[in-house]
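Q: In our numbering, the protein residues as written are 62 to 375.
From the three backbone atoms N, C-alpha and C, an ideal C-beta is built for every residue, glycine too.
Structure provided below as structure tokens; questions to follow.
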């Protein structure tokens, strides 16, 4: 079938790629980069198990670093076996959503717990007037950080763990039953477009909660390379979600032509996943620089200073 919007089987794909030397080379490069991303994580795993003493914080850091080989391997799987794209995207999305919540918990651990974090902001305020949702809302004023406010931030992040993976799960089931096609994701008459919009809004709120936490914590925490830690996660969110939207829009306007049995939307998905493997490899290098050092001393020093300050105030 020519220019179909159905993902081809691997047998059909490989028979067509025989005459596309450039695509084969790019796919081979993606395979190498995916292996390097995994090797980078395994070396980080060895380092943290050997040199990082805080087991509670270590587990969260390793969970965050594992997102890169997971996304990379799932994206490569989508390129090599196109039929596996829906389930691979679902698994990557689910893990990435959990990582955002894990980052918030890591920040709380850096402070020494929820009570210590609230204590740190006892004489200060937190700004909710931040991008991407409320940077221009003058009606939103700075507020004191309370347990309820912290719970609100966690809720904004936690909803992504259910909303976006749930939508992708439903779409993957409908796709497997032949009731959902890639070209329907941009048709306003179909419910699939509105599900994508809900997914995008959910992602924006999660990023908003992440940014609020980052802007508040960076003024208080002496943690080395803290902006890079948050930056690596925000970049991963942007390339995973926003990039696919842009490439799909190009396919909708026929800027990405079909080739053989692969329609424009199928090729857009393949292009997105190949680019994602490359981007995730680069972000994993940034995350390595942000996390791969022994910061036990900085955390211990901060906890000690906070405890002494609390005793003085008492």
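Could I get the ranges of all uninterrupted beta strand (DSSP E) runs contained in the region 67 to 124, with 3 residues as the minimum, in chain order?
A: Qualifying beta strand (DSSP E) stretches: none in this window.
Q: Apart from the five residues on each side of it in sequence, which residues of its chain come closer than 6 Å, Cβ to Cβ, to residue 135?
A: Taken in chain order, the residues that qualify are 149, 152 and 153.
Q: Residue 323 by DSSP, collapsed to three states: which one?
A: Of the three classes helix, strand and coil, the one that applies to residue 323 here is strand, per DSSP.
Q: In whole angstroms, give me the CA-to-CA distance for residue 208 and residue 353.
A: One C-alpha to the other measures close to 31 Å.
Q: Would you please state the rounded distance, in angstroms, between the beta carbons of residue 260 and residue 218? I believe it to be under 8 Å.
A: Not really, about 15 Å apart at Cβ, beyond 8 Å.
Q: According to DSSP, simplified to helix, strand and coil, what is residue 65?
A: Three-state result, residue 65: strand.
Q: Which residues in the same chain as residue 374 place their Cβ atom closer than 8 Å to its Cβ, once the five residues preceding and following it in sequence are excluded?
A: At residue 374, the pLDDT of 45 sits below 50, so the modelled position is not reliable; the number obtained from the coordinates is stated separately. Closer than 8 Å at the Cβ level, and outside the excluded window around residue 374, lies no residue.
Q: Along the alpha helix (DSSP H) that carries residue 168, what are the first and last residues, could you check?
A: Here the alpha helix (DSSP H) through residue 168 covers 146 to 172.
Q: Exposed or buried, what is residue 69 when buried is set at 16 or more other beta-carbons lying within 10 Å of its beta-carbon?
A: The residue in question, residue 69, is buried, as its Cβ has 16 or more Cβ neighbours within 10 Å.
Q: For residue 141, which of 235, 221 and 76 has the nearest alpha-carbon?
A: It is 76.
Q: Any idea if residue 252 is buried or exposed, counting beta-carbon neighbours within 10 angstroms, 16 or more meaning buried?
A: By the 10 Å Cβ count, residue 252 comes out exposed.
Q: Since residue 167 and residue 122 should fall inside the 8 Å C-beta cutoff, what is the C-beta to C-beta distance between them, to a whole number of angstroms?
A: Confirmed, about 7 Å.
Q: Between which two residues does the alpha helix (DSSP H) containing residue 257 stretch?
A: Start and end: 252 to 278.
Q: Just curious, the alpha helix (DSSP H) that residue 285 is in, first and last residue?
A: Where residue 285 is concerned, there is no enclosing alpha helix (DSSP H), given that its DSSP letter is neither H nor E.
Q: I'd like to know whether the C-beta atoms of residue 277 and residue 213 end up nearer to each other than 8 Å.
A: No. Outside cutoff.
Q: Which residue marks the beginning of the alpha helix (DSSP H) containing residue 220, and which one marks its end?
A: Neither: residue 220 is in no alpha helix (DSSP H) and is coded neither H nor E.
Q: Quick one: give me the first and last residue of the alpha helix (DSSP H) that residue 128 is part of.
A: Here the alpha helix (DSSP H) through residue 128 covers 128 to 141.
Q: Does the structure place the region 325 to 345 close enough to the region 292 to 301 that three or more beta carbon pairs sit under 8 Å?
A: A contact exists between the region 292 to 301 and the region 325 to 345.
Q: Buried or exposed: which applies to residue 285, given that a residue is buried once 16 or more other Cβ atoms fall within 10 Å of its Cβ?
A: Exposed: under 16 other Cβ atoms inside 10 Å.
Q: Let me know if residue 321 comes out buried or exposed under the rule of 16 or more other beta-carbons within 10 Å of its beta-carbon.
A: Classification of residue 321: buried, given that the 10 Å Cβ count is 16 or more.
Q: Find the nearest neighbour of residue 185 within the set 137, 82 and 204, judged by alpha-carbon distance.
A: Of 137, 82 and 204, the residue nearest in Cα terms is 204.
Q: Determine the extent of the alpha helix (DSSP H) in which residue 311 is found, giving its start and end residues.
A: That run of the alpha helix (DSSP H) goes 304 to 313.
Q: Alpha carbon to alpha carbon, how far is residue 314 from residue 324?
A: When rounded, the distance between both Cα atoms is 13 Å.
Q: Straight-line CA distance for residue 256 to residue 228?
A: In a straight line, the C-alpha of residue 256 is about 7 Å away from that of residue 228.
Q: Would you mind reading off the limits of the alpha helix (DSSP H) that contains residue 179?
A: Where residue 179 is concerned, the enclosing alpha helix (DSSP H) stretches over 175 to 181.
Q: Apply the 10 Å Cβ neighbour rule to residue 109 and answer buried if 16 or more other Cβ atoms are within range, or exposed otherwise.
A: Buried, because 16 or more other Cβ atoms sit within 10 Å of the Cβ of residue 109.
Q: Is residue 233 closer than 8 Å to residue 147 when the C-beta atoms are compared?
A: Contact flag set, yes.
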